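Only one structure is covered here, and it is reproduced in the block below.
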Amino acid sequence: RIGNRTQEMYVRSNMAACHLLAQEYTASIEQAQQALAFYERAHSPYWIALNACNLAEAHVELGSLADAETYALKTIEQEEADTFAYGLWILGRVRRAQAGYAEAIQLLTQAIQISQENEDRWQVAYCRRTLGEVYADQQEMTAAMAELESAIGLFQQMQLEAEAQKTEALLAAMGCGLGPSRT
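This note's numbering numbers the first residue of the sequence shown as 89 and each following residue consecutively.
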């Protein structure tokens with residue numbers, strides 16, 4: 089019987105991730121909470137971290153910063169290579185929303201370094217975009233532009249055109265359109 093329950097929680101974990109991608113944050117939370125409770129009872133750090141980071145991202149997207157922080161810290165505490173930088177990224181997003189810019193920069197820089205060591209271009213791109221937003225919040229436009237352009241390049245390499253366009257829109261909104269080499 090535990091095998092059936094394990095399969096169910098594996099599916100719930102994957103469904104939580106799918107709901108995140110579809111921007112269905114409440115549905116993601118419902119799936120991930122059930123899976124997290126199961127994996128905590130099973131003492132499975134990898135699955136705890138995976139579900140906690142799904143919960144953290146869903147909560148930050150919904151503006152529930154306290155819950156996002158709780159789950160980001162739970163992700164980080166598991167010290168799993170595949171999710172550690174993800175937890176730092178979410179915590180950096182929380183700090184940005186709280187106007188804790190210095191800590192956000194530190195967390196995002198650390199997340200980028202770890203993601204690069206893990207050869208995780210996906211995570212590097214999202215971290216760079218968020219870091220660019222933090223710099224823009226502080227009116228450090230040169231640094232913001234560098235991070236956002238780097239993110240655009242990574243998104244384009246991975247053929248994530250919607251993400252590249254979203255990042256280009258951030259640059260345009262800052263009055264820092266792409267230079268001729270990027271168009």
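Built from N, CA and C at the ideal position, the CB exists for glycine as well.
Please read these numbers as outputs of a predicted model, since none were measured by experiment.
Taking the C-beta atoms as reference points, isoleucine 164 is found nearer than 7 Å to glycine 175.
In the three-state scheme derived from DSSP, where H, G and I count as helix and E and B as strand, glycine 151 is classed as coil. Per DSSP, the unbroken alpha helix (DSSP H) holding threonine 114 starts and ends at 113 to 129. Here DSSP, grouped into helix, strand and coil, assigns aspartate 225 to helix. A straight-line Cα-Cα distance of about 44 Å links glutamate 128 and threonine 230. Around the Cβ of glycine 220, a 10 Å sphere holds 16 or more other Cβ atoms; the residue is buried. In the structure shown, the three-state DSSP call for serine 132 is coil.
In the structure shown, glutamate 251 adopts helical secondary structure according to DSSP, grouped into three states.
The beta carbon of alanine 123 sits closer than 6 Å to the beta carbons of Met97, Arg100, Ser101, Asn139 from its chain, once the five residues preceding and following it are set aside; these are given in chain order.
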